[in-house]
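With our numbering applied, the sequence shown covers 89 to 353.
For reference, the structure is listed below as structure tokens.
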Amino acid sequence: GSKVKKGDLLVKVDDSELQAQLLKTQYQKKLAEEKEFRQRMLLEKEAISRQEYDIARTELNTLEAEIQLIKARIDKTEIRAPFDGVIGLRYVSEGSYISPATKISTLQNIDTLKIEFAIPEKYMKLVNVGDKINFKVQGSDKVYSAVIYAVDPKIDPTTRTLQARAIFPNKNYEILPGAFAEIEVILEEIPDAILIPAEALIPSAEGSKVFVYSDGKAFERKVEPGIRTERFVEIKSGLRSKDTVLTTGLLQLKSGFKVRITQFE
């Protein structure tokens with residue numbers, strides 16, 4: 089769970105053999121440089137042929153290339169963080185033999201999280217890039233906000249849903265990658281909307297109605313419902329913002345009945 093910065097050393101593989109090989113090759117290069125210098129002097133005096141000098145020069149170039157190759161192999165014995173993040177559990181111990189396929193640890197960038205979710209087909213025209221979503225993760229009642237940054241241009245033929253992605257700035261590392269989230273997509277914002285609990289709305293043959301409380305009595309009020317959510321219903325007309333709506337005992341109520349309210353919400 090430790091934080092690391094891009095370029096931090098995570099693992100070092102034993103490179104003692106490569107270091108020894110590098111020293112040997114560097115010594116051979118020094119000898120080759122001296123030989124090349126002598127051959128060049130002889131060539132200028134026309135004491136040797138051009139071909140003999142070229143052999144010495146080629147030997148020096150070959151050793152220089154070999155040194156660069158060994159240094160590159162030494163660099164590969166160090167595994168460094170490719171980006172800022174949080175290091176996970178270690179899967180190897182000091183002295184273990186590893187291969188390119190060996191899992192050493194995990195590194196996650198959790199400063200910013202991507203949230204993937206599906207939108208029912210009937211709402212596809214109401215969801216756009218830049219829209220805000222609210223979400224909660226399991227084990228917490230805290231509500232977080234994120235912004236949609238990508239929407240799939242096609243409907244999944246099996247689920248009849250539209251895939252979307254939102255981005256969340258996880259600055260305090262409150263949420264871990266892989267968590268399940270309960271998503272609430274804000275399809276439309278209606279200023280000064282009146283919402284009542286869904287259980288307060290009573291459907292009937294004449295339309296929808298609610299019971300409101302006034303002066304110790306319950307009174308029936310016809311209303312026009314609007315947008316519905318899992319818990320609430322928008323009331324377009326028939327209620328005022330100051331009305332008190334009854335939510336329990338509705339089946340026994342009739343307009344004008346005396347009631348006593350035990351709890352307000």
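The beta carbon of each residue, even a glycine, is placed where N, CA and C say it ideally should be.
Note that the coordinates shown come from a computational prediction; the quantities given were computed from them, not determined experimentally.
Secondary structure at Y179, three-state DSSP: helix, strand or coil? On the sequence shown, position 91 is the one that residue 179 refers to. Coil at Y179, not helix or strand.
Do K112 and L151 have their CB atoms nearer than 8 Å? The sequence position of residue 112 within the sequence shown is 24, counting from 1. The sequence position of residue 151 within the sequence shown is 63, counting from 1. The answer is no: Cβ separation not under 8 Å.
Taking a contact to mean a Cβ-Cβ separation below 8 Å, would you say V239 touches A252 in this structure? Taking the sequence shown and counting its residues from 1, the one referred to as residue 239 is at position 151. Taking the sequence shown and counting its residues from 1, the one referred to as residue 252 is at position 164. Taking 8 Å as the Cβ cut-off, V239 and A252 qualify as a contacting pair.
What does the alpha-carbon distance come out to for the pair D219 and R319? Here the question's residue 219 lines up with position 131 in the sequence shown. Here the question's residue 319 lines up with position 231 in the sequence shown. Going from the Cα of D219 to the Cα of R319 covers about 22 Å.
Option in E322, S302, V321 with minimal Cα separation from S343: Numbered from its first residue, the sequence shown carries residue 343 at position 255. Taking only the C-alpha atoms, the option nearest S343 is S302.
Terminal residues of the alpha helix (DSSP H) in which T150 lies: Numbered from 1 along the sequence shown, position 62 holds the residue referred to as residue 150. Here the alpha helix (DSSP H) through T150 covers 138 to 163.
Residue of I243, A234, R161 minimising C-alpha distance to V101: Within the sequence shown, the letter at position 13 stands for residue 101. The candidate whose alpha carbon is nearest that of V101 is R161.
Assuming I221 contacts L250 under a Cβ cut-off of 8 Å, what Cβ separation, rounded to an integer in Å, is found between them? Walking along the sequence shown from the start, residue 221 turns up at place 133. Walking along the sequence shown from the start, residue 250 turns up at place 162. About 13 Å; that fails the 8 Å criterion.
Alpha carbon to alpha carbon, how far is A267 from I278? Give it in angstroms, no decimals. In the sequence shown, the residue the question calls residue 278 occupies position 190. In the sequence shown, the residue the question calls residue 267 occupies position 179. The alpha-carbon atoms of I278 and A267 are separated by roughly 31 Å.
Report yes if the C-beta distance between G314 and E322 is below 8 Å; otherwise report no. Walking along the sequence shown from the start, residue 314 turns up at place 226. Walking along the sequence shown from the start, residue 322 turns up at place 234. In this structure, E322 lies closer than 8 Å to G314 by Cβ.
Contact belief for V273 with A169 at Cβ below 8 Å, rounded distance in angstroms: Taking the sequence shown and counting its residues from 1, one reaches residue 273 at position 185. Taking the sequence shown and counting its residues from 1, one reaches residue 169 at position 81. So it is not a contact: roughly 35 Å between Cβ atoms.
What is the DSSP secondary structure of K346, reduced to helix, strand or coil? The residue given as residue 346 occupies position 258 in the sequence shown. If DSSP states are grouped into helix, strand and coil, K346 belongs with the strands.
Out of curiosity, what's the CA-to-CA distance linking D280 and K242? If you number the sequence shown from 1, residue 280 lands on position 192. If you number the sequence shown from 1, residue 242 lands on position 154. Whole-angstrom Cα-Cα distance: 35 Å.
What number of angstroms, rounded off, separates the C-alpha of I271 from the C-alpha of L214? Sequence index remark: in the sequence shown, residue 271 carries index 183 (1-based). Sequence index remark: in the sequence shown, residue 214 carries index 126 (1-based). Rounded to the nearest angstrom, the two C-alpha atoms are 15 Å apart.
N- and C-terminal bounds of the beta strand (DSSP E) containing A108: For the purposes of this step, residue 108 is taken as residue 20 along the sequence shown, with counting starting at 1. A108 -> not in any beta strand (DSSP E); alpha helix (DSSP H) instead, spanning 104 to 132.
Among K346, E105, V217, S193, which one has its Cα closest to the Cα of I167? Position 79 of the sequence shown holds residue 167. Of K346, E105, V217, S193, the residue nearest in Cα terms is S193.
For V347, I'd like the list of residues in its chain whose CB is within less than 6 Å of its CB, leaving aside the five on either flank, ordered along the chain. Sequence index remark: in the sequence shown, residue 347 carries index 259 (1-based). Counting only Cβ-Cβ distances below 6 Å, and skipping sequence neighbours, we find A306.
What residue range is occupied by the uninterrupted beta strand (DSSP E) comprising G295? Translated into positions along the sequence shown, residue 295 becomes position 207. Element bounds for G295: 295 to 302.
At the level of alpha carbons, what is the spacing between E134 and E154? For the purposes of this step, residue 134 is taken as the residue at position 46 of the sequence shown. For the purposes of this step, residue 154 is taken as the residue at position 66 of the sequence shown. Distance between the alpha carbons of E134 and E154: 31 Å.
Does the separation of the CB atoms of A173 and I198 fall below 8 Å? Within the sequence shown, residue 173 is the residue found at index 85, counting from 1. Within the sequence shown, residue 198 is the residue found at index 110, counting from 1. One point to set straight first is that residue 173 is Gly, not Ala, in the sequence displayed. In contact: G173 and I198 (Cβ atoms closer than 8 Å).
Can you tell me whether I186 is buried or exposed, with buried defined as 16 or more other CB within 10 angstroms of its CB? Locating residue 186 in the sequence shown gives position 98, counting from the first residue. Exposed.
Helix, strand or coil for A269, going by three-state DSSP, please let me know. Your numbering for residue 269 matches position 181 in the sequence shown. A269: strand per DSSP, three-state reduction.
Under a Cβ-count criterion, where at least 16 other Cβ atoms within 10 Å of its own Cβ denotes burial, should Q127 be classed as buried or exposed? Position 39 of the sequence shown, counted from the start, is the residue given in the question as residue 127. The residue is buried, with at least 16 neighbouring Cβ atoms inside 10 Å.
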